[in-house]
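Chemist: Protein chains in written order, with my numbering: chain A, 232 to 413; chain B, 232 to 413.
We treat Cβ as the ideally placed atom computed from N, Cα and C, and that holds for glycine.
Provided herewith is a single structure, encoded as structure tokens, for subsequent inquiry.
There are 2 protein chains.
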Amino acid sequence: MNSALKILDIAERRMRQAGYNTVSYRDIAAEMGLKSASLHYHFPKKEDLGVALVRRYAEKFRDQLTASTCDTDLPHELIKAFVNIYANALKKQKLLCLCLVLAAEADGLPSPVTEEVKKFFSENISWLAERFETLNFERPADDANTMFALLQGAMVISATSDGYDAFDAAVRSIQEKMATPQ
Amino acid sequence: MNSALKILDIAERRMRQAGYNTVSYRDIAAEMGLKSASLHYHFPKKEDLGVALVRRYAEKFRDQLTASTCDTDLPHELIKAFVNIYANALKKQKLLCLCLVLAAEADGLPSPVTEEVKKFFSENISWLAERFETLNFERPADDANTMFALLQGAMVISATSDGYDAFDAAVRSIQEKMATPQ
DNA sequence: GCAAATCTATCTAGTGGTAGATAGATAACT
DNA sequence: AGTTATCTATCTACCACTAGATAGATTTGC
Numbered sequence: 232m233n234s235a236l237k238i239l240d241i242a243e244r245r246m247r248q249a250g251y252n253t254v255s256y257r258d259i260a261a262e263m264g265l266k267s268a269s270l271h272y273h274f275p276k277k278e279d280l281g282v283a284l285v286r287r288y289a290e291k292f293r294d295q296l297t298a299s300t301c302d303t304d305l306p307h308e309l310i311k312a313f314v315n316i317y318a319n320a321l322k323k324q325k326l327l328c329l330c331l332v333l334a335a336e337a338d339g340l341p342s343p344v345t346e347e348v349k350k351f352f353s354e355n356i357s358w359l360a361e362r363f364e365t366l367n368f369e370r371p372a373d374d375a376n377t378m379f380a381l382l383q384g385a386m387v388i389s390a391t392s393d394g395y396d397a398f399d400a401a402v403r404s405i406q407e408k409m410a411t412p413q
Numbered sequence: 232m233n234s235a236l237k238i239l240d241i242a243e244r245r246m247r248q249a250g251y252n253t254v255s256y257r258d259i260a261a262e263m264g265l266k267s268a269s270l271h272y273h274f275p276k277k278e279d280l281g282v283a284l285v286r287r288y289a290e291k292f293r294d295q296l297t298a299s300t301c302d303t304d305l306p307h308e309l310i311k312a313f314v315n316i317y318a319n320a321l322k323k324q325k326l327l328c329l330c331l332v333l334a335a336e337a338d339g340l341p342s343p344v345t346e347e348v349k350k351f352f353s354e355n356i357s358w359l360a361e362r363f364e365t366l367n368f369e370r371p372a373d374d375a376n377t378m379f380a381l382l383q384g385a386m387v388i389s390a391t392s393d394g395y396d397a398f399d400a401a402v403r404s405i406q407e408k409m410a411t412p413q
């Protein structure tokens, strides 16, 4: 019953560490104490697992966006809340954004997976743009793209760094420039 | 003689499209009209190929930084020149930064490869920081990290996008905010 | 100057291992 | 009894990598 969930949990963690192609049914099964064939019962093809993974990830992300911390009229607070979603994942779980990792190997992915990743990006950038618009930013769409891109970039750079200096520096600078839109 | 170069060219292109683990000696050899075994003469282990690839990439990047377009005292021009290095790769070759792709799957890479990627990032951010410093930016180090992270993020997002709207939007916004540091 | 030795770059052939995936049996729960 | 979930066993395809041979170019020694 919760085997499917467990598979998703393990697959997500591993993919966020090393990418889509490095993760194998064998390894996931071994960590669960199952045989790799059993995983195909839950996710017939790896592509199915990939799609399910991104869909669940997008859903969890949506939940975080509707959480209390994002419900503010202060630009500074909103930006901080959004940044913290990724900052927490990076520093506490030491994991990158699933969709960032997948997008980096987009051409090597089954196209249904790439499609889901694409949706995740456009959905989140749109969400940010809408919020910026209600906060009367001058260029809400551009700023949303900038904010989102900056976070993804700061994450991927810190994947090979020892600490989080690069991430913090990148974020610090943008927070100052964006929190005062006028 | 230039087989090694050809291998590097093909491997770089393929890795920048689909990541390290998706690229195989077999596929590279097939494209060259050779047998995969022959590739091991030039690069004994895949790890050797990976390291050589990042080193050559870093070198080519260094050359672009010392090119005439980057030799300017106008913040606006410098930023534009730096942005164009990646914008050109993305739009003309439809390729992401090699190190971005590799960093996204860092935990699945041989550690010598990850080390080279790390060097590439720190080297380029340092270069930017130094230039920003001579241009009297208020926070040169932070701005360098922001600039670099933003570009990497904008690239990875546009890997799954149809056009370059997201990339252009992200870059447009940062250019305005950074070109007027005071 | 010629012969021997070495180097370069490729080949054929094969190793052991891992990938995702399938078929069919079996167990467990309801 | 039927559904759910896992098993065993197997398949085909691919992976990185190695051994050993070969043909041609280059270098070395006499």
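Looking only at its own chain, which residues have a Cβ that is under 8 Å from the Cβ of Pro343/A, when we skip the five neighbours before and after it?
Modeler: Counting only Cβ-Cβ distances below 8 Å, and skipping sequence neighbours, we find Glu278, Gly281 and Val282.
Chemist: Buried or exposed: Thr297/B, going by 16 or more other Cβ atoms within 10 Å of its Cβ?
Modeler: So Thr297/B ends up on the exposed side.
Chemist: Which bits of chain A does Ile405/B rub up against, with CB to CB less than 7 Å?
Modeler: Simply Thr377.
Chemist: What are the start and end residues of the alpha helix (DSSP H) that includes Phe313/A?
Modeler: Residues Pro306 to Asn319.
Chemist: Compare the C-beta of Arg244/B with all C-beta atoms of chain A and state if any pair is closer than 8 Å.
Modeler: Judged by the 8 Å Cβ criterion, Arg244/B is not in contact with chain A.
Chemist: So the alpha helix (DSSP H) Pro371/A belongs to, where does it begin and stop?
Modeler: Pro371/A -> alpha helix (DSSP H) spans Pro371 to Ser389.
Chemist: Starting from Arg257/A, find everything on chain B with Cβ-Cβ shorter than 7 Å and list it in chain order.
Modeler: By Cβ distance, chain B contributes nothing, its closest Cβ being about 15 Å from Arg257/A, past 7 Å.
Chemist: Please work out which residues of its chain come closer than 8 Å, Cβ to Cβ, to Ala337/A, disregarding the five sequence neighbours upstream and downstream, and give them in chain order.
Modeler: Once the five neighbours on either side are set aside, the close Cβ partners of Ala337/A are Thr345 and Val348.
Chemist: What does Ser392/A reach in chain B if we use C-beta pairs closer than 9 Å?
Modeler: Correct list: Lys349, Phe352 and Ser353.
Chemist: Rounded to a whole number of angstroms, what is the C-alpha to C-alpha distance between Leu340/A and Gln248/B?
Modeler: Cα-Cα distance, rounded: 10 Å.
Chemist: Check whether the segment 289 to 308 of chain B and the segment 381 to 401 of chain A are in contact - that is, three or more C-beta pairs closer than 8 Å.
Modeler: Verdict: no, contact absent.
Chemist: Determine contact between the segment 377 to 384 of chain B and the segment 364 to 382 of chain A, defined as no fewer than three beta-carbon pairs at a distance below 8 Å.
Modeler: Touching, per the Cβ criterion.
Chemist: Using 8 Å as the threshold, is the C-beta distance between Asp304/A and Leu366/A below it?
Modeler: Cβ atoms of Asp304/A and Leu366/A: closer than 8 Å.
Chemist: 8 Å is my cut-off, CB to CB: does Ile316/A come that close to chain B?
Modeler: Closer than 8 Å: no.
Chemist: Work out the CA separation of Lys323/A and Ala401/A for me, nearest whole Å.
Modeler: Going by the C-alpha atoms only, they are around 18 Å apart.
Chemist: Can Arg362/B be considered in contact with the ligand MN, in the sense that its beta carbon sits closer than 7 Å to one or more heavy atoms?
Modeler: Among the components modelled here there is no ligand, and therefore nothing to report on the ligand MN.
Chemist: Establish whether the CB of Pro412/B and some CB of chain A are separated by less than 8 Å.
Modeler: With a pLDDT of 48 at Pro412/B, under the threshold of 50, the modelled position of this residue cannot be trusted, and the question is left open.
Chemist: Taking CB distances under 8 Å as the criterion, tell me whether Gln248/A reaches chain B.
Modeler: Yes, Gln248/A lies at the interface with chain B (some Cβ there is under 8 Å from its Cβ).
Chemist: Check each residue of the segment 257 to 286 of chain A: if its Cβ is closer than 8 Å to any Cβ of chain B, include it; give the result in chain order.
Modeler: Residues: none.
Chemist: For Lys266/A, name the three-state secondary structure that DSSP assigns.
Modeler: In the structure shown, Lys266/A sits in coil (DSSP, three-state: anything other than H, G, I, E or B).
Chemist: State the DSSP-derived secondary structure class of Val254/B, mapped to helix, strand or coil.
Modeler: DSSP places Val254/B in coil when its eight states are reduced to three.
Chemist: Measuring only the C-alpha atoms, how far is Lys237/B from Ile310/B?
Modeler: Roughly 32 Å between the two C-alpha positions.
Chemist: Let me know the secondary structure DSSP gives Asp279/A once reduced to three states.
Modeler: If DSSP states are grouped into helix, strand and coil, Asp279/A belongs with the helices.
Chemist: Could you tell me the distance, in whole angstroms, from the CA atom of Glu361/B to the CA atom of Arg286/B?
Modeler: If you take the alpha carbons of Glu361/B and Arg286/B, they lie about 22 Å apart.
Chemist: DSSP on Phe368/B, reduced to helix/strand/coil?
Modeler: Coil, per DSSP.
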